[in-house]
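**Q** Mapping of the sequence shown onto UniProt numbering: position 140 corresponds to residue 140, and the numbering continues sequentially without gaps. Glycine is no exception: its CB is placed at the ideal position from the N, C-alpha and C atoms. On a predicted model such as this, the values are computed, not experimentally measured, just so you know.
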Amino acid sequence: MKAFMDEKFLLDSDAAVELYKSAADLPIIDYHCHLDAKEIYENKKFRSITEAWLNGDHYKWRAMRNMGIDEDLITGNASDYQRFVAWATVMPYLAGNPLYHFSHMELKYYLDTNAVLTPETAEEIYAAANAKLSTLGARDLMAKANVECAVTTNDPIEDLKYHRLLKEEGFGIKVLPAFRPDKAVNIDKAGFKEYIAALSVAAGEKIEDFDSLVSALESRLAYFISMGCPASDHGLDYVPAYSPDALSAETAFAYAMKGKPLTKADADNYKFELLRRLGILYHKYDIVMELHFGCVRNPNNAMFAALGADAGFDCVRSLTGADALFGLMDALSRINCLPGTILFSLNAADNEFLVSLAGAFNNNAGIPGKVQQGSAWWFNDHLEGMRRQISTFAAGAPIGSFVGMLTDSRSFLSYARHDYFRRIFCNYLGSLVENGQYPASSIDYLKEIARNVAYYNAKRYFNL
C-alpha cells in the first residue's frame, strides 16, 4: 500500500519518477485563467481559507450541493468557519474526485498543512491555514507556486488598468490579458445592444454597421496586444454553422440593433462571420485563438435567476457541431489566415475528433502543433480525464508538440493543478518505458518532452 500523496504520488515507476524530477521545478505558464489583475496588483490578502477556497469556486459548490449541503453554507450568509466545516464534511466522500487531491495539494504546497481534511480535523486545519494565509498575499502565492506568467481573461471593453500598472511597476511575474469578445459574438443574448454601445465608447469609434463593429474590435485588440496579449479566448455555447439561406452577418447585425427578431440561423451566420473576421485579425497580429465549446451553460433557470452565471450549474453538451467547426477553420485556412489554434471541448467524446481535426489543418504551419487539442478542461481535468486526453493526443499527433496544462481558475491556490498534470504526464511517458513501448536508452528524449510540455512549448507557442 502506497502512502497518501507522498513524493511518488501518481508516479508508478522508476522511469516516471526520473521524468518527473526532470520537469517538476520548471516555472509555470498559466496561459488561461480567470484571476483578477486588480487583486494581483493590490497583493490581496485573504481573511480566511474559506475566502481563498470557497468564494467563487463552483467546482466545490457543485460537490457540496451533491452532498445535500444547504445553499446558505455554500453561497449564502453563513460564517467563514461554518462554510469551511461544511466543506470539510464533504471531503471524505470525494474519493476518486480531483477536488480531494487538489485540496490536499494546496494545503500541503502553499499553506504547509499536511493533515488530512475531515470534520474532525477541520478546526485545526482552519486555524493553521489562516495563520499561514495571514502572511501571504496573492503575489506571494503566485511566487510560491513558481508562476512565470498568468494570462487572464478580459472583455474588450476593459481598460486593463491593473495590467498596465503591473507592467509599469515591473512586477516579476508577467500578468497578461487574453481577448475574450463573447459579448460581441452573442448577438442573440440579452444586453447585446447595450454592450455594442459600451464597446463603441471603449474603442472611441462609432459602431454603425458590421464593418465598423469589426473595426472597433480590432482597435481594442490592438490595445490588448500593446499590453502583451498573447491569445484570444472564446467561450462558445456551440460552434455556429453558416447557412446560405439565412440573413447575412451585416443584415443580422442591423436587425439586432433595431430590435428586430432573428432566427437561430440568422444569429449563427452573424456569429460565424464575426469569428471568421476575428480569426483573420488574430492571424494578422500573430496571437493564438482558443476555442472552448461543448458546454450547456445555466440549464437550471431557477438557480441562474438566484445566483447568476458561473455558480456551478453548467453541464456537458452532447454534440459540438463538427461540420461547423471544420467549416470555420477551413474558411480561415483557404485564405491562409488560420492562426495558431487550440481546441477545447468539454465533452471527452470529442477527443479523437479534435486531435484528427487539428492534424487536418497542420499543413505548412512552420510551428509544432500550430493547431492542437487543448488539455483536459473543466469537467475533464481529473486523473482519468487527463490520462485519456494525453493518450489520445499521443496516438494522433506528436505528444512533444503539446502546450500542456492551464488552470482555468479564479483561485490563487490552484497552481497545484500544474503539478498534478506534470505527475500524470510523466507517469504516462514512464509507463511506455516500463511496458517496453519506448526504449529506456532513449529516455533523454522523454525528458525533453516532459520539460517541453511542462513549460517550454507554451513559452514558445505564445511568444512569451
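1) Report the residue ranges of all alpha helix (DSSP H) runs contained in full by the segment 347-422; include only those spanning at least 4 residues, in chain order.
2) Taking the C-alpha atoms as reference points, what is the distance between A222 and A216?
3) Grab the span of the alpha helix (DSSP H) containing E250 for me, first residue to last.
4) What's the call for G430, buried or exposed, on a 16-neighbour Cβ count within 10 Å?
5) Tell me whether the segment 262-280 and the segment 368-382 touch, counting them as touching only if at least three CB pairs, one residue from each stretch, are closer than 8 Å.
6) Give the range of the beta strand (DSSP E) segment to which G235 is assigned.
7) Which residue wins for smallest C-alpha separation from A353, given the options C337, F326, A331, M5?
8) Mapping DSSP to helix, strand and coil, what is K45?
9) What three-state label does DSSP hand D30 in the structure shown?
10) Below 8 Å between beta carbons: does that hold for V433 and F393?
11) For A150, which of helix, strand or coil comes out of DSSP?
12) So within the segment 167-215, which uninterrupted alpha helix (DSSP H) runs reach at least 4 residues, ignoring any that extend past its ends?
13) Enumerate in chain order the residues of its own chain whose CB-to-CB distance from A376 is below 6 Å, with the five nearest sequence positions on each side excluded.
14) Kindly indicate which three-state DSSP category F9 falls into: helix, strand or coil?
15) Look up G279 in the DSSP assignment and say whether it is helix, strand or coil.
16) Determine the direct distance from the alpha carbon of V371 to that of A331, and round the result to whole angstroms.
17) Based on Cα-Cα distance, which residue from F179, D245, C149, D155 lies nearest to L166?
18) Specify whether the segment 226-246 and the segment 274-289 touch according to this definition: at least 3 beta carbon pairs, one from each stretch, less than 8 Å apart.
19) Starting from S345, trace the beta strand (DSSP E) both ways and give me its first and last residue.
20) Among residues of its own chain, excluding the 5 on either side of H418, which ones have a beta-carbon nearer than 6 Å to its beta-carbon?
21) Between K447, D72, Y162, which lies nearest to N43 when the distance is taken from Cα to Cα?
22) Taking the C-alpha atoms as reference points, what is the distance between V147 and Y41?
23) Based on Cα-Cα distance, which residue from P156, S226, F192, E208 lies nearest to A202?
24) Just reading off the alpha helix (DSSP H) that E290 is part of, what are its end residues?
25) What does the alpha-carbon distance come out to for the pair L19 and N457?
26) So for G137, helix, strand or coil by DSSP?
27) Based on the DSSP secondary-structure assignment, which residues constitute the bridge partners of C315?
28) Compute the beta-carbon to beta-carbon distance between R422 and A454, rounded to the nearest angstrom, for a pair I have assumed lies under 8 Å.
29) Does C315 pass the burial test, meaning 16 or more other C-beta atoms within 10 Å, or should it be called exposed?
30) Express the C-alpha separation of S219 and P261 in angstroms, rounding to a whole number.
31) Any contact between the segment 79-91 and the segment 116-127? By contact I mean 3 or more CB pairs, one from each, below 8 Å.
32) If you run the structure through DSSP and keep just helix, strand and coil, what is P92?
33) Under three-state DSSP, which class holds A458?
34) Could you check the C-alpha separation between S411 and D245 for me, to the nearest Å?
35) Any idea if P92 is buried or exposed, counting beta-carbon neighbours within 10 angstroms, 16 or more meaning buried?
36) Identify, in the order they occur along the chain, each residue of the same chain with its Cβ nearer than 8 Å to the Cβ of M303, setting aside the five sequence neighbours on each side.
**A** Answer, in terms of the structure:
1) 351-360, 383-396
2) A222 and A216 have their C-alpha atoms spaced approximately 10 Å apart.
3) 249-257
4) buried
5) no
6) 231-235
7) A quick correction: the sequence has Phe, not Ala, at residue 353. F353 has its Cα closest to that of F326, out of C337, F326, A331, M5.
8) strand
9) D30: strand per DSSP, three-state reduction.
10) Their beta carbons are not under 8 Å apart, which means V433 does not touch F393 by this criterion.
11) strand
12) 182-185, 192-203
13) Excluding sequence positions up to five before and after A376, its CB lies within less than 6 Å of the CB of G385, M386, Q389, all in the same chain and listed in chain order.
14) It is coil, neither helix nor strand.
15) helix
16) 15 Å
17) C149
18) yes
19) Counting along the chain, the beta strand (DSSP E) containing S345 begins and ends at 341-345.
20) I28, M405
21) Y162
22) 15 Å
23) Shortest Cα-Cα distance from A202 to any of P156, S226, F192, E208 involves P156.
24) It is not in any alpha helix (DSSP H) - E290 instead sits in the beta strand (DSSP E) that spans 288-293.
25) Rounded to whole angstroms, L19 and N457 show a C-alpha spacing of 17 Å.
26) strand
27) V296
28) 5 Å
29) exposed
30) 29 Å
31) yes
32) helix
33) Correct three-state label for A458: helix.
34) 45 Å
35) exposed
36) A311, F313
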